[in-house]
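One structure is given below, encoded as structure tokens.
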Amino acid sequence: MTPQEETIILEARDILGRYLSQNPVIGSWQALLDYCALTVRGPIERFHVLYLDRKNRIISDELLSTGTVDHVPVYPREVIKRALMLNASALILIHNHPSGDPTPSEADFGMTKEIQKGCRYLGLTLHDHIIVGAGTELSLRALGKL
1 MTPQEETIIL EARDILGRYL SQNPVIGSWQ ALLDYCALTV RGPIERFHVL
51 YLDRKNRIIS DELLSTGTVD HVPVYPREVI KRALMLNASA LILIHNHPSG
101 DPTPSEADFG MTKEIQKGCR YLGLTLHDHI IVGAGTELSL RALGKL
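In terms of the UniProt record's numbering, the sequence shown opens at residue 1 and continues consecutively.
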């Protein structure tokens with residue numbers, strides 16, 4: 001990526017952030033995927049959680065962990081603790097695969113199941129876990145894994 005392209009991406013993220021703070025509802029599946037692609041894609045793994053209210057409006061987009069080129073540590077306890085602190089009703093997990101291949105790993109499935117168990121126990125809704133690749137996003141819900 002060229003320095004000019006990096007600048008354009010940072011500016012696009014800023015514009016999108018301002019837009020979402022004024023219009024905090026992600027109105028369509030494609031808008032959600034576009035948001036994920038813009039905010040999470042990059043050269044190291046990043047794990048974000050979108051915390052939502054009862055009307056699925058974004059309360060907060062939290063970068064909970066950054067990792068290396070092929071791993072990001074995720075602590076289900078911290079994901080759920082933050083949801084409770086924000087009084088969120090639902091969440092969407094998002095992370096990227098810098099390799100460009102959004103195929104989920106066994107660790108991705110396992111971590112998602114742990115978070116899903118905690119959410120179910122505490123009355124939170126886990127809408128999805130989206131993995132961002134190079135130009136493509138993959139939904140664990142769409143795969144039938146959630």
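All residues carry an ideal CB built from backbone N, CA and C; glycine is no exception. Note that the structure is a prediction, hence the values are computed from the model and not measured.
Should D128 go down as buried or exposed, given a rule of 16 or more other Cβ atoms within 10 Å for buried? For the purposes of this step, residue 128 is taken as the residue at position 128 of the sequence shown. Only buried fits D128, as 16 or more other CB atoms lie within 10 angstroms of its CB.
Within the same chain, show all residues whose beta-carbon is closer than 8 Å to that of T66, passing over the 5 residues directly before and after it, in chain order. Residue mapping note: residue 66 aligns to position 66 of the sequence shown, counting from 1. Around T66: I44, E45, R46, F47, V72.
Who are H95's beta bridge partners in DSSP? Residue numbering aside, residue 95 sits at position 95 when the sequence shown is read from its first letter. BP columns for H95 point to F47, I131.
Can you tell me the Cβ-Cβ gap for E137 and P76, rounded? I've got them flagged as a contact below 8 Å. Working through the sequence shown from its first residue, we reach residue 137 at position 137. Working through the sequence shown from its first residue, we reach residue 76 at position 76. Rounded, the Cβ-Cβ distance is 22 Å, inconsistent with contact.
Hey, how far is the Cα of A88 from the Cα of C119? Numbered from its first residue, the sequence shown carries residue 88 at position 88. Numbered from its first residue, the sequence shown carries residue 119 at position 119. Distance from the CA of A88 to the CA of C119, rounded to the nearest whole angstrom, comes to 11 Å.
Taking DSSP as the reference, what is the three-state secondary structure of R120? Within the sequence shown, the letter at position 120 stands for residue 120. Three-state DSSP puts R120 in a helix.
If you draw a straight line from the C-alpha of L84 to the C-alpha of S60, how long is it? If you number the sequence shown from 1, residue 84 lands on position 84. If you number the sequence shown from 1, residue 60 lands on position 60. Their Cα atoms are separated by approximately 12 Å.
Pick out whichever of D34, S99, V49 has its Cα sitting closest to the Cα of I9. Here residue 9 refers to the residue found at position 9 of the sequence shown. Nearest of D34, S99, V49 to I9, Cα basis: D34.
Per DSSP, what are the beta-bridge partners of I58 in this structure? As a first step, residue 58 must be located in the sequence shown, where it is residue number 58. Paired residue(s): L52.
Of all the options E6, L38, E5, K117, which has the alpha carbon lying nearest to the alpha carbon of I131? Working through the sequence shown from its first residue, we reach residue 131 at position 131. Ranked by Cα distance from I131, the first of E6, L38, E5, K117 is L38.
L50 versus M111: straight-line alpha-carbon distance, rounded: Residue numbering aside, residue 50 sits at position 50 when the sequence shown is read from its first letter. Residue numbering aside, residue 111 sits at position 111 when the sequence shown is read from its first letter. Rounded to the nearest angstrom, the two C-alpha atoms are 16 Å apart.
Note down the Cα distance separating A107 from E11, rounded to an integer number of angstroms. Residue mapping note: residue 107 aligns to position 107 of the sequence shown, counting from 1. Residue mapping note: residue 11 aligns to position 11 of the sequence shown, counting from 1. Pairing A107 with E11, the inter-Cα distance amounts to about 33 Å.
Just to check my reading of the structure: L64 and P104 have Cβ atoms closer than 8 Å, yes? What is that Cβ distance to the nearest angstrom? Working through the sequence shown from its first residue, we reach residue 64 at position 64. Working through the sequence shown from its first residue, we reach residue 104 at position 104. That belief does not hold up - the Cβ atoms of L64 and P104 are roughly 18 Å apart, past 8 Å.
At the level of alpha carbons, what is the spacing between V74 and Q30? Position 74 of the sequence shown, counted from the start, is the residue given in the question as residue 74. Position 30 of the sequence shown, counted from the start, is the residue given in the question as residue 30. Taken atom to atom, the span from the alpha-carbon of V74 to that of Q30 is near 26 Å.
Identify which residue in F109, A134, G135 has its Cα closest to the Cα of L146. Numbered from its first residue, the sequence shown carries residue 146 at position 146. Out of F109, A134, G135, F109 has the C-alpha closest to the C-alpha of L146.
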